[in-house]
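Have a look at the structure below before the remarks.
Chains as they are written, first to last, in my numbering: chain U, 1 to 337; chain W, 1001 to 1295.
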């Protein structure tokens, strides 16, 4: 099981941060108590919601890319499927998102199955190219079938007022708790994957495919399982995204800058760790909010794109293990992607 | 005119236009394929160098008042220098394996280049018509834009030149040696870093030529790099990752499929069959049509 340069005991499942349980309790309490703080307003809560949703999306990407080492550059596909499936079912047939979320999940599994079956036996670069191709294909299709998707203008949910059944709300506060539930659940899933045989096998395949195969790991099946799990998680979080923002368009779902926003949390925080996407997502949203504020002040559009680009470069060149890598001496010598 | 002729003529026209358009897609792709073949680098920023090449044409035509075609050598040199800088600063450390970090570094670089172009040139679309703009040639029942014929010829000449460079010169031999086995090449005295640097600069110079020739009939804006990249990637994969001649033919193949799709089905969905074709190739023929090296 100890493939490549990753000896047992140096990986993240052995307590990445000292007292991480305590940090967890403090973080959850902070997020949950936010609406009761004196300075809280809808804007601050909305930023927190965005943070939680992107942390959840980052946690999902972290499964396939961080633990599994698969170079998915098109996870917007599953985000988009989660958004569009729930949105179209609700607008056309008044299906509540409680059911729509499963439709998005099933669709995402189907797409991931086809994509994975066709590409995961090949070298990693082909999988990366395939993920881009699928997201571009869905982008063109979503732009073209205007009746179903709203085309370039996007799809807006019919708003019915506050309703738990239809997951709609005038204020962002309910989505704060929904987002928090997602993040806690996904943290737990990440921990579970890292602890179980699946996680060990995924890491073995990531570190050295040939060695893993020689040790009896079913390489293709392991990769496919990781992709399916990550796709469903992304799609579920996508439906939450849809309910919270009440609109989606092809660029937001399948565009490149969205794909990068799905990757940055895990990359900044630390690939393959359970805390990485949480720390990274928090930093990414704070940074993006402040650059948005700055670029409106300066009157220059697109500064956030520049910041994302330079951040990607800086992380992969100078801190490939993310912030968790700076904290934890024990991950030294662990996987460098 | 019989009914077969009326249905077949537009299709044939689409195929022929596709070959012309595809030649330039080929030119977009040969540099990409070269960088992958020699260094296993998938340079997602390649499209952004094409975009800068387009702006070289725009600057030549609007600021200097000369024909963009005369700016081709300058574009090649400028992009080669930019490429060499990229190699020194970013890609040098990623030679040999296509990794997640290499792909992400290239994307990050591409985003930064795109944003820089936006700050300098603004978001508006710009074009740089050459002296051939607006003239059409009739060949039998078919018509062609002369600017596209010229572009196709430049693309063909550039591809043949690169193939000859790789096959017939001492430099080409060294590049192929480093690509095949970097350690063995160093043992016999080749300086692999320097050879890779020149190969990468050549790859980026080709992107510059592709951009400048394209802007004579296709307007540019800062997002063009990311718009053009998918076609180049598909052409490269279909032609066989790492094969220069294959990438050119892959480009033509893509052009033909795209134009006939636009003609027979829908021009808004002209790229969709290409994306599915890429998946099919990856699944059933990952070495592409002309790729020799399989790994």
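Even glycine gets a Cβ: it sits at the ideal position worked out from N, Cα and C.
For residue 1043 (chain W), there are no C-beta contacts with chain U under 8 angstroms, since the nearest C-beta of that chain is about 12 angstroms from it.
Inclusion of residue 266 (chain U) and residue 66 (chain U) in the CB contact set at 8 angstroms is warranted, their separation being smaller than that value. The way I'd put it, the segment 95-112 of chain U doesn't touch the segment 1235-1254 of chain W; fewer than three beta-carbon pairs between them come closer than 8 angstroms.
For residue 1176 (chain W) and residue 1038 (chain W), the gap between their C-alpha atoms comes out near 7 angstroms.
The Cβ atoms of residue 1202 (chain W) and residue 1034 (chain W) lie closer than 8 angstroms to each other. Taking 8 angstroms as the cut-off, the Cβ atoms of residue 1209 (chain W) and residue 1075 (chain W) count as close. It is roughly 17 angstroms from the alpha-carbon of residue 1152 (chain W) to the alpha-carbon of residue 1228 (chain W). The segment 1217-1233 of chain W and the segment 1098-1116 of chain W touch, with three or more beta-carbon pairs separated by less than 8 angstroms. Residue 46 (chain U): not part of any beta strand (DSSP E); member of the alpha helix (DSSP H) spanning 42-61, first to last residue. Taking all protein chains in view, the Cβ of residue 1276 (chain W) is surrounded by fewer than 16 other Cβ atoms within 10 Å, so the residue is classified as exposed.
Within the same chain, 1237, 1238 and 1288 come within 7 angstroms of residue 1281 (chain W) by CB-CB distance, once the 5 residues on both sides are set aside. Three or more Cβ pairs drawn from the segment 67-80 of chain U and the segment 227-238 of chain U lie within less than 8 angstroms of each other, which places the two stretches in contact. Taking a Cβ-Cβ cut-off of 7 angstroms, the neighbours of residue 1115 (chain W) in chain U comprise 302, 305, 306 and 309, given in sequence order.
In this structure, the straight-line span from the alpha carbon of residue 224 (chain U) to that of residue 118 (chain U) is close to 11 angstroms.
Boundaries of the beta strand (DSSP E) around residue 1142 (chain W): 1142-1145. According to DSSP, residue pairing for residue 1139 (chain W) in a beta bridge involves W:1142. For residue 118 (chain U), at least one C-beta of chain W is nearer than 8 angstroms to its own C-beta. For residue 168 (chain U), there is no enclosing alpha helix (DSSP H), as DSSP marks it with neither H nor E. With a cutoff of 8 angstroms on beta-carbon distance, residue 238 (chain U) and residue 104 (chain U) are scored as near each other. Look at the segment 1194-1224 of chain W: it has no residue with a C-beta under 7 angstroms from a C-beta of chain U. What residue 320 (chain U) touches in chain W, judged by beta-carbon distance under 7 angstroms, is 1101, going in chain order.
Where residue 1073 (chain W) is concerned, the enclosing alpha helix (DSSP H) starts and stops at 1072-1089. A direct Cα-to-Cα measurement between residue 191 (chain U) and residue 139 (chain U) gives close to 33 angstroms. Three or more beta-carbon pairs drawn from the segment 1252-1270 of chain W and the segment 1011-1019 of chain W are found closer than 8 angstroms, and the two stretches are therefore classed as touching. In the three-state DSSP reduction, residue 248 (chain U) falls in the strand class (E or B).
Distance from the Cα of residue 136 (chain U) is smallest, within the candidate group W:1156, W:1120 and W:1272, for W:1272.
Scanning the segment 1019-1056 of chain W from its first residue to its last, no whole alpha helix (DSSP H) run of 4-plus residues comes out.
Contiguous alpha helix (DSSP H) elements confined to the segment 1122-1191 of chain W occur at 1146-1168, 1170-1180 and 1182-1187, taking only those with 4 or more residues. In the DSSP assignment, residue 115 (chain U) falls within the alpha helix (DSSP H) that extends over 97-119. With 16 or more neighbouring CB atoms inside 10 Å of its own CB, residue 285 (chain U) falls in the buried class.
Residue 63 (chain U) and residue 235 (chain U) have their C-alpha atoms spaced approximately 14 angstroms apart. Around the beta carbon of residue 1046 (chain W), 16 or more other beta carbons sit within 10 angstroms, so the residue counts as buried. Residue 144 (chain U) and residue 1264 (chain W) have their C-alpha atoms spaced approximately 16 angstroms apart. Judged by DSSP secondary structure, residue 204 (chain U) falls within the alpha helix (DSSP H) whose first and last residues are 197-207. For residue 180 (chain U), the closest C-alpha among the options U:31, U:24 and U:20 is that of U:31. The DSSP-derived three-state label of residue 271 (chain U) is coil.
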